[in-house]
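Worksheet for the structure shown next.
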Amino acid sequence: MPPSLPLSAFLAFLHLVSAAQPSAPSPISAPLRSLPWASGKNSLNFLHTTDTHGWHAGHLQEPQYSADWGDYISFASHLHDRADADGSDLLLIDTGDRVEGNGLYDASDPKGYWTFNGIFEEQPIDVITSGNHELYLANTSRRESDVVVPAYRQNYIASNLDIRDVESDGQDADFRPLAARYRKFTTKNNGIRILAFGFLFNFHNNANNTRVQPVQETLKEKWFQDALREEDVDLFLVAGHVPVRESEEYDAVYRAIRAVKWDTPIVFFGGHTHVRDFKRWEDKAMGIESGRYLETIGFLSMKGLKGGGGRKENGDVEVQNGHDTEESEETTSSPTTPTRRTKKSLQYNRMYIDNNLHSFHHHTKTNSTTFPTEHGRNVSAQIEHARHTLNLNQTFGCVPQTYWLNRAPYPSNTSLLSLLADRILPESFAAYSTITSPTANNPSNHHHHQNQRPSIILTNTGALRFDLFQGPFTLDSTFLISPFTSGFRMIRDVPFSAADRVLGLLNSEGPILQRKGQDGLGVGGGGGRGMEGAVREGGFRAMAPQRGVGGGGGGEEEAEHESRKTGQEGGAGLGVGAGGQIPLMPADNLERGREQEAASSSLHEQETHYHPPTVVPGYTTHDDLGAAGDDTLHAPTRFFDVPNCIGSQIFFPNTTLTTAATSPQQQQDQSPEKVNLIYNAFIEPWILSALEFLGQEYEEGDTEVAIGGETMTGVIRGWVGGTWGCGEDE
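Pasting the structure below:
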């Protein structure tokens, strides 16, 4: 375990860290909209983060998202000062998936050691919840329980999530709530009485030391129904790792609240789908989702709330664990019935802030000298020290051009998927097979003779998470592109007539994706609801990247882990293409905030203090409040549909290495009788199901480890290092 870093040690880094990370590019001075801040009495403002996935050092290759977590701490501090000065309130919300996806988190042992040791928890957060990525591995959820929950105490809410500990004798204890089921508190300046819940969507792929109760079942429990009937509530705050749009869970929560309190305002904070979005249920119930990977700081404001609790410096706090016991009522100075409000008295607004210093300076009316706070500087220094300790700048090679995950068509010369299918996978597997081929000392080894058998290699495109940028390919880059630890599996001697058709089945909404009784193919392990339901409920992560929503490197679906049962570690799920070959979510939601023209009609809102203004590619979000939600005026970015899976061939006679290299007739004339079928480990259930559908019966016991147990991450790292050196002569 890395040693703990004392304050004095990382303060020594302050001369290097003015704000952001030293290697972070400077943001471009793009035109900005003004923050729709709600000031004065009965006004409430929120900052929201979600799906940060370890990117707390910011984006070191993308100027528009280059601020780090220390900068966010400084930003929040300035806005807290603003709220205190004008009599409004500010609350901070985080809705989970803080882990997995960046070297700062993934490269440490244990994972997350630095993230949760002087970095993330340094930001005060008023309501925080778990995501699904906190639950895939038992040790991750234990760390959440042992470290993160105590750090945030009553502010951590787990309305439908339980965990069980391991007793001293090694036996599992009974399940208990991960954290409080809900929280009741009063805001500092206006005495707004808030009842907050924290949900996770109906997720089934968690480790067996956690339990996720379906949201719809949770809403029936006595503690929840009792909480709804509290009279002294000015606002219901529903935070969670749940999409705000087309969400059966949040729709159910909305209906449950309205069945009891028909007029009390509700605000939702969502996550999981990695999009910028704002959903309007009705005039007094709206919610925000704030992107991914610390590209976006979500901002939401409410004006016209009625505060009945009076001004309280720390707020009266009531925390409930959901047990059916008598609950004490919070004492308030002047109870106010929420039904006295009129619809016209309440206003919601939102903004999606690009995570960079240019935006932060603008919204806080500061500059490079006045913006950084001492606390923020210290956290930035801690991040720099952690990155240095983890050697995240270790370089394996230099990429000659940028390859896009879904901002280039597939196939094309700038597509990362084309690079993977045409070169990385076939060349890596062919090289490994050549190295392990029989030698003069071992000419009769049967398996060695089969190493150069014609082979088909398949992977789901969701195994990749991010773009491959031109320049140094570092240890950090490996985790950004593919942080998952699944390897490859192989089935030997599969009839070519069947193996050749598997890719087509995986890229269609065919019967293998909707067959009943197969674990992982439907919600909760089957049932015929197919790909869409399984992706929505987190049974597996998206097989293909989702169409992006911004200039932040792809915009792909963040991708769930594979099931990690019996020690099998996770990787990519079977997702769907960007436009929805098999929709990850309804088409209208996929299009929301994507491939849309910049809102030229709102140019009058811009504050263009820079001459001439630079319009950079990025998010151009359209949501239920219109097209003026992005703080930065962006040029729209085009995204392309990609297949669920891609394939390569090696050691085929008279063909190139890709499946697209020959015509169907040529393939028929030159095809071998049998091939080895190699695939990314997570898609094994779908591979076996496809083969069964094609008349070939195989079981898990018929499969074996391929390429020496190397992971996708390792394959990419090895290929880049061996192919693209950084020397002048290379």
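Residue numbers (our numbering): 491 to 1220.
Just so you know, even glycine gets a beta-carbon here, dropped at the ideal spot from N, CA and C.
- Nearest in C-alpha terms to THR951, of all of GLU590, PRO944, ASN997, is ASN997.
- Restricting attention to LEU906, ASN695, THR786, the CA atom closest to the CA of ASN622 is found in ASN695.
- Scanning VAL705, PHE1172, VAL765, PRO640 for the CA closest to the CA of GLU738 turns up VAL705.
- In the structure shown, ASP574 adopts helical secondary structure according to DSSP, grouped into three states.
- In the structure shown, HIS852 adopts helical secondary structure according to DSSP, grouped into three states.
- Taking 8 Å as the upper bound for CB-CB distance, VAL984 and LYS1164 are in contact here, some 6 Å apart.
- Distances from the CA of PHE758 to each of ASN679, LYS769, TYR626 were compared; the closest alpha carbon is that of LYS769.
- Membership of LYS1164 in the beta strand (DSSP E) is indicated by the continuous run 1164-1170.
- Around the beta-carbon of ASP753, fewer than 16 other beta-carbon atoms lie within 10 Å, marking it exposed.
- Under a 10 Å Cβ-count criterion, HIS878 is classified as exposed, with fewer than 16 other Cβ atoms of the shown protein chains found around its own Cβ.
- Excluding sequence positions up to five before and after HIS848, its CB lies within less than 6 Å of the CB of PRO517, SER519, all in the same chain and listed in chain order.
- Under a 10 Å Cβ-count criterion, ASP596 is classified as buried, with 16 or more other Cβ atoms of the shown protein chains found around its own Cβ.
- Residue environment analysis places THR968 among the buried positions, since at least 16 neighbouring C-beta atoms fall within 10 angstroms of its C-beta.
- For GLN872, no beta strand (DSSP E) segment is defined; the enclosing uninterrupted segment is the alpha helix (DSSP H) at 864-879.
- For PHE919, the three-state secondary structure derived from DSSP is helix.
- Under the DSSP definition of a beta bridge, SER533 partners with LYS793.
- Ranking TYR603, SER791, ILE563 by CA distance to the CA of LYS531 puts SER791 first.
- For the pair THR1193 and ARG979, the CB atoms are nearer than the 7 Å cut-off.
- Per DSSP, reduced to three states, the secondary structure at ARG748 is helical.
- One alpha carbon belongs to PRO962, the other to CYS1216, and they sit about 8 Å apart.
- Taking the Cα positions, THR975 is about 13 Å away from ILE1173.
- If you draw a straight line from the Cα of THR677 to the Cα of ILE684, it is about 8 Å long.
- Here PRO512 is exposed. Its C-beta has fewer than 16 other C-beta atoms within 10 Å.
- Contact annotation: ASP767 and ASP1120 have beta-carbon atoms that are not nearer than 7 Å.
- For TYR642, no beta strand (DSSP E) run applies; the uninterrupted alpha helix (DSSP H) run containing it begins and ends at 639-642, by DSSP.
- For the options THR540, THR863, GLY1208, ALA953, the alpha carbon positioned closest to that of VAL889 is the one of GLY1208.
- Rounded to the nearest whole angstrom, the C-alpha separation of TRP559 and ASP990 is 48 Å.
- Taken through DSSP and simplified to helix, strand or coil, PHE969 comes out as helix.
- With respect to the 7 Å criterion, LEU948 and LEU993 are classified as neighbours on the basis of their beta carbons.
- Taking C-alpha positions only, LEU534 is separated from LEU895 by approximately 39 Å.
- Contact check for LEU836 against ASP724 fails: the beta carbons are separated by 7 Å or more.
- In the same chain as ALA729, and ignoring 5 residues on each side of it, the C-beta atoms closer than 6 Å to its own belong to ILE583, THR585, VAL617, THR619, GLY688, PHE759, in chain order.
- Here ASP990 carries a helix assignment [DSSP, helix/strand/coil].
- In this structure, DSSP gives SER835 a helical state, which the three-state scheme calls helix.
- Of the candidates HIS865, ILE653, TYR842, ILE653 places its Cα closest to the Cα of GLN703.
- When the beta-carbon positions are compared, THR542 and ARG572 stay at least 7 Å from each other.
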